[in-house]
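Engineer:
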Ligand code: MF3
Ligand code: CO
Ligand code: CO
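Residue numbers (our numbering): 174 to 451.
#1: The alpha helix (DSSP H) spanning residue 211 covers which residue range?
#2: Around the Cβ of residue 214, are there at least 16 other Cβ atoms within 10 angstroms (buried) or fewer (exposed)?
#3: Under DSSP, the alpha helix (DSSP H) around residue 304 begins and ends at which residues?
#4: Would residue 323 be called buried (16 or more neighbouring beta carbons within 10 Å of its own) or exposed?
#5: Which word fits residue 355, buried or exposed, when buried means at least 16 other C-beta atoms lie within 10 angstroms of its C-beta?
#6: Is the shortest distance between the beta-carbon of residue 414 and the beta-carbons of chain C less than 8 Å?
#7: In the DSSP output, which residue or residues are listed as bridge partners for residue 273?
#8: Quick check: what's the CA-CA separation for residue 434 versus residue 310?
#9: I'd like the span of the alpha helix (DSSP H) that includes residue 332, first residue to last.
#10: Counting only the same chain and skipping the five closest in sequence on each side, list residues whose C-beta sits under 7 Å from that of residue 393.
#11: Scan the segment 368 to 403 and note each continuous beta strand (DSSP E) run of 3 residues or more that stays entirely inside, going in chain order.
#12: When burial is assigned at 16 or more other CB atoms within 10 Å of the CB, is residue 206 buried or exposed?
#13: For residue 406, does the three-state DSSP call read helix, strand or coil?
#14: Hey, would you say the C-beta of residue 378 is under 7 Å away from at least one heavy atom of ligand 2?
#15: Could you check if residue 397 belongs to the surroundings of ligand 1, using beta carbon to heavy atom distance under 7 Å?
#16: Here's a check: name, in chain order, each residue in its chain whose Cβ is nearer than 6 Å to the Cβ of residue 312, leaving out the five neighbours to either side.
#17: On the criterion of 16 or more Cβ atoms from any shown chain inside 10 Å, does residue 381 qualify as buried, or is it exposed?
#18: Going by Cα to Cα distance, which pick from 203, 228, 177, 439 is closest to residue 284?
#19: Any idea what DSSP makes of residue 451, helix, strand or coil?
#20: Quick check: what's the CA-CA separation for residue 437 versus residue 232?
#21: Can you look up residue 195 in the DSSP assignment and give me helix, strand or coil?
#22: Inspect the beta-carbon positions of residue 300 and residue 342 and report whether they are closer than 8 Å.
#23: To the nearest angstrom, how far is it from the Cα of residue 261 to the Cα of residue 212?
#24: Applying the criterion that 16 or more other CB atoms from any shown protein chain within 10 Å of the CB defines a buried residue, is residue 431 buried or exposed?
#25: For ligand 1, any of its heavy atoms closer than 7 Å to the Cβ of residue 221?
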């Protein structure tokens with residue numbers, strides 16, 4: 174399948190799906206605390222989606238060669254890189270957890286994830302989470318017509334490695350729209366000026382995974398959970414964005430979204446929460 178360019182109606186539909194995905198995270202945030210299980214968080218998310226009139230894109234999701242994903246979201250704790258499956262273990266003070274939510278609204282997919290630090294976070298988890306968050310925004314800051322996918326990856330890699338962290342290679346951002354995963358692949362490493370040129374109407378995610386230790390990962394026996402090989406701490410943040418005529422609009426925004434860092438060029442980077450909707 175090739176890259177699909179979204180028209181104004183498609184972008185409006187994506188704005189809605191993406192805001193709703195972000196609002197699921199807003200709703201979950203106060204529930205992420207010591208003693209709560211990730212299964213409870215999953216159940217709360219499923220109820221929230223039902224109230225929204227959205228459907229989880231992950232529940233039953235089955236790419237070729239995989240078993241169906243069993244839950245409404247992903248909860249990736251500590252050394253889990255991504256695709257962690259909610260379970261009955263209570264969260265503990267100091268856990269660092271990514272929650273990744275993808276919802277479908279009227280056939281359109283919105284995909285976003287954030288880090289949650291449970292109770293008193295360690296200095297190490299705070300720093301890794303913050304650097305990963307900023308690396309995502311360094312990637313977003315590159316997006317404009319005429320830029321290339323390699324510019325995004327290079328900006329993320331340079332920032333991450335400059336802080337002593339490694340970038341996971343096996344998983345990447347992706348085109349998204351009326352399908353969960355479309356072309357192009359959005360690598361979180363690379364060289365400036367390489368790969369596909371960005372054009373208005375392209376919609377994709379940027380979702381860097383950074384490790385405190387080595388970049389290598391492995392899959393657990395459940396067929397989904399990805400962990401760092403050296404069991405070092407891992408963090409991830411994800412937004413869905415659309416290339417505009419003049420820059421980029423971040424679609425996965427809601428009242429509870431962490432604000433963009435100061436280094437972001439707000440002349441070119443628009444937030445969907447600032448866009449007037451019909
Ligand atoms: N939401 C993830 C992404 O950002 C994909 C999760 S697939 C699942 O692409 F099956 F593990 F849920
Ligand atoms: Co994604
Ligand atoms: Co996601």
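Positions of the beta carbon are idealized from the N, C-alpha and C atoms, including for glycine.
Computed from a predicted model, the values in this text were never measured in an experiment.
Structural biologist: The structure says:
#1: 211 to 225
#2: buried
#3: 296 to 313
#4: buried
#5: buried
#6: The structure shown contains no chain C; it holds only a single protein chain.
#7: 247, 286
#8: 7 Å
#9: 322 to 335
#10: 400
#11: 376 to 379, 382 to 384, 390 to 392, 399 to 401
#12: exposed
#13: coil
#14: yes
#15: yes
#16: 325, 328, 329, 379
#17: buried
#18: 228
#19: Residue placement at residue 451 is flagged as unreliable, the pLDDT there being 49, under the threshold of 50; the coordinate-derived value follows with that caveat. Three-state DSSP puts residue 451 in coil, outside helix and strand.
#20: 34 Å
#21: helix
#22: no
#23: 6 Å
#24: exposed
#25: no
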